[in-house]
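Numbering (the numbering used here), first residue to last: 5 to 589.
Glycine included, each C-beta is placed from N, C-alpha and C at the ideal position.
All values reported here derive from a predicted model rather than from experimental measurement.
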Amino acid sequence: MDIEKLATSAITNCIAGTDFLSPWISEGDREPSWDGFIYAYSNKNQAKKNLTGRAAVQVKGKLVKNVKKKSIQYPVSMVDLENYRNDGGTIFFVVGITSELEEKIYYLALPPFKINQYLKIYKGKKTPSLTFSELPEKKNDIENIVINFVNDSRKQAIAQNGKNWTIPEVEKLVGIENMCLNFSVTCIGYDRNDPFPYLKNNEFYMYAGNKDNSIQFPVEHIENIEVITCERECVISAQNKKFYDRIRVERHRDGTITVYIGKSIYIKYEKNGKGTFKYTLKGNLDERIITIKFMLAMYEDGGFYLDGTKFGFEQIQEKLDADEHREKLQYLNLVKELLDKFGVNKPLEVDNLSEKNEKDIRMLIDTQLYGKRASFQENDDIPEVGYISIANINLLVMCTKMEDGTYLLEDFFRKEIGCSMDKTPSTQTSQYSLMSVEDYLKADNFSQEMVEESFKKHKNISHYSQTNFSVLNILNAYDRDNSRSDLIDLAEHLYEWLISEQPEEDIYQINLIQCHKRRGTLSDKDVLKLNEIGRKADITKALLAGIQILLENYQLATIYLEQLDELDRKEFENYPIYNLMKQET
C-alpha cells in the first residue's frame, strides 16, 4: 500500500469538498519541505478576482492501529520548521491510515509565531514530536482553519525573523496611550454576532500595536477560550426599588451561563435552563450595604425583577435568615455613619479587615457615636496625635488622657488645637502646620475646608511664613498624587489669601503661579507678572530660577541654580517648583 499517495488523495478529496478552498497538492515530495498549496477564496465562485491567498501544505501518511484518537504525535524536523517559518508558515497534515484503509486526517497549523514558539521549546532537539489535532468533519470548520491561517500568516510576517514580540515590548515601542490589543477570525457557518461557539473550540492569535493598526505584532497564541464575559445594562429591582443597573454574564465552554449581580450574588444556569442562586457577602462597605438591602427587599418581595421579569424564590432556590441580615445591616450602617462623621469618602475594604481592625471599629463606634471613652493596655504607647488604621482607611486622631486613665478620642481635623511657634500670642499658627507631606496623602479624614479655615484664622508674620512652608508640603503631596484635586485647590486658596495679607511678597505670587502651572498653560497675566518680578533689582537667584522654570526656560533656570551655593541649591531641589523641571528634563 502506498501510504503517502493515499494520504495526499485524502487531503485533496477533503479540500475539494469545500466551497471556499481549492487544493493543488502533488502526490510526491517534489519540494524539500512542502507538497503543494491550498488556495482560499472570498466567494464560492472560485474566480481569480476572489482569491484571498494560499496556504503552503505538507502531507504525511502514518500507519495506525485505529482512527479513534482525537490527536496524534508526529515528528517534525527543526530544519523543516525553520523552512516553514521563513516561507510564511505551513499547514501540516498527517493522515492516519489503518491496514483496513480506514482514514482520519490530523492537522497542525504552523504560522510564524507558533513556529518560533516550537523552535524555542525544542531547542537542541533535531526532530521533536508535535501534537496534531483531528481535522473537523464540517466543511465550514475546515474553511475557517485554512482562511484564518492565511490571514494570520500574512499578519505575522514580522515574526519570520525568528523573534516573537511581547506585550511590554510593543507597549514601549508605540506608547501605552496609543497601544491596543485585538484579534480577528473568519467563522464561516457561525453567527458573526456570537463568536463564542467558534472561539471555544478553535485557536486564534492576539495582536498588539497602535490604534490605527498600521503597526501590528503577534503577541499571544490562544488555543481556545474557556469562558467569555460581557456586561449588560439592565435594571435589577425589588419592592419597586432599583438596586443595580448592570449584570455580568459569563458563558462557559461546557454550555453553562453564570449571571453575576454585584460582587456577592450569582445565578448559574445549566444547559437545560435550570438556574441556581448563590449568595456570599463580599465587597467593600458600600457594596455590602446595598447587597443586604437588596436581599431583604427580595425576601419581602418573594424574588427580584430583571428588566421587569420576576425571578421568584422557587426559581432561585435560596433561603434567607432575615433577622440575621437586618442585624448585620444595622452594624454596617453604624460603620458607615462612623466614617461619614470622619468625612471619609472612599469605601472601607471590608474583605481585608483583621481582628484588630474589627476591635478598633467597635471602639470608634463607642467613642464617636455613643460618647464613651477609650481604654488601652497600660504598656501601650499612646501618642497625643496619631493614626488609627482600619484596612484601607487611615484616621488621624487626637488622644487626650483623662484623670481616670481612659482616653478621649477626637477627629484631628474637626478639633481645634491651640498652637504657636514660641508659645506667645504673636506667633500663633494653625495646628495643621504640623502636617507632613505623608500626612496630607495618608489621612483619609482630611478636610480641606477645616484646614483652609484654620490657616486663614491667624494673622501674624510668623504664621504667614509658616503657612507658606505648609503649602509647599501640600504641593509636594499633590505632585505625588495628581488625583487629589482638593490639595491643589487648597494650595491656590491659601496663596491667594497670603497675597491679600502680604501683597508685597513676591514669593507668594510665584508660588500661586506654580499652582496655575500644574493645571496647564499659564495665562498671559501670569507670564506678565513673572516678567515683572524678574526685572526687580533685588531679586534673588533662587527666585529667578523659579521664574524660569515656570516659563519653561530650563537651561536658564539651571544657570541660576548653579550660581547658588551647594546648601541653597539642595534646599531648592526639595521645593515643589523643582518638580516641574524634573518632569520635563
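Taking C-beta separations shorter than 7 Å and ignoring five residues to either side along the sequence, the partners of Ser133 in its chain run Gln77, Tyr78, Pro79, following chain order. Looking at the DSSP output, Asn398 bridges to Ser393.
Under the 8 Å Cβ criterion, the segment 549-561 does not count as touching the segment 453-461, having fewer than three qualifying pairs. Of the residues Ser487, Arg488, His520, the one whose Cα lies closest to the Cα of Glu496 is His520. Contact annotation: Tyr309 and Ser379 have beta-carbon atoms that are not nearer than 8 Å. Sixteen is the threshold: since fewer than 16 other Cβ atoms of the shown chains lie within 10 Å of the Cβ of Glu566, the residue is exposed. By the neighbour-count criterion, in which 16 or more other beta carbons inside 10 Å mark a residue as buried, Cys234 falls on the exposed side.
When beta bridges are read from the DSSP output, Lys405 appears opposite Tyr411. Only buried fits Pro116, as 16 or more other CB atoms lie within 10 angstroms of its CB. Per the C-alpha coordinates, the member of Asn349, Leu343, Gly347, Asn217 positioned closest to Asp364 is Leu343. Taken through DSSP and simplified to helix, strand or coil, Ala447 comes out as coil.
About 6 Å separates the beta carbon of Gly266 from that of Thr295, a gap short enough to meet the 8 Å contact definition.
Check the Cα spacing between Glu420 and each of Asp23, Met454, Lys275: the tightest is with Met454.
In the structure shown, Trp28 adopts extended strand secondary structure according to DSSP, grouped into three states. Glu254 and Ile261 have their C-alpha atoms spaced approximately 6 Å apart. Cα atoms of Pro222 and Asn168: separation of roughly 7 Å, rounded to the nearest angstrom. If you check the CB distance, Ala59 and Asp91 do not come in under 8 Å. Per DSSP, Cys191 lies in no beta strand (DSSP E) and is assigned neither H nor E. With a cutoff of 8 Å on beta-carbon distance, Ile109 and Leu139 are scored as near each other. For Leu476, the enclosing alpha helix (DSSP H) begins and ends at 465-484. In the three-state reduction of the DSSP assignment, Ala212 falls in the strand class.
Less than 8 Å divides the Cβ of Ile397 from the Cβ of Asp448.
With a cutoff of 8 Å on beta-carbon distance, Cys191 and Tyr209 are scored as not near each other.
For Thr131, no beta strand (DSSP E) encloses it, and the DSSP letter there is neither H nor E. Close CB contacts of Arg418 within its chain, under the 6 Å cut and outside five residues either way in sequence, are absent. DSSP places Gln62 inside the beta strand (DSSP E), whose first and last residues are 55-67. By the neighbour-count criterion, in which 16 or more other beta carbons inside 10 Å mark a residue as buried, Arg539 falls on the exposed side. The residue from Gln160, Glu104, Val99 with its alpha-carbon nearest to that of Arg89 is Gln160. Counting along the chain, the unbroken beta strand (DSSP E) around His225 starts and ends at 220-226. A contact is defined here as three or more CB-CB pairs under 8 Å, and the segment 392-407 meets this definition with respect to the segment 346-363.
When rounded, the separation of the alpha-carbon atoms in Val154 and Gly57 is 6 Å. Three or more Cβ pairs closer than 8 Å define a contact, and the segment 477-495 meets that threshold against the segment 565-583.
In the assembly as shown, Arg330 is an exposed residue. Its beta-carbon has fewer than 16 other beta-carbons within 10 Å. Here Phe346 carries a coil assignment [DSSP, helix/strand/coil]. In chain order, Met5, Leu10 place their CB closer than 8 Å to the CB of Leu105, counting only its own chain and leaving out the 5 sequence neighbours on each side. Around the beta carbon of Glu147, 16 or more other beta carbons lie within 10 angstroms, which makes this residue buried.
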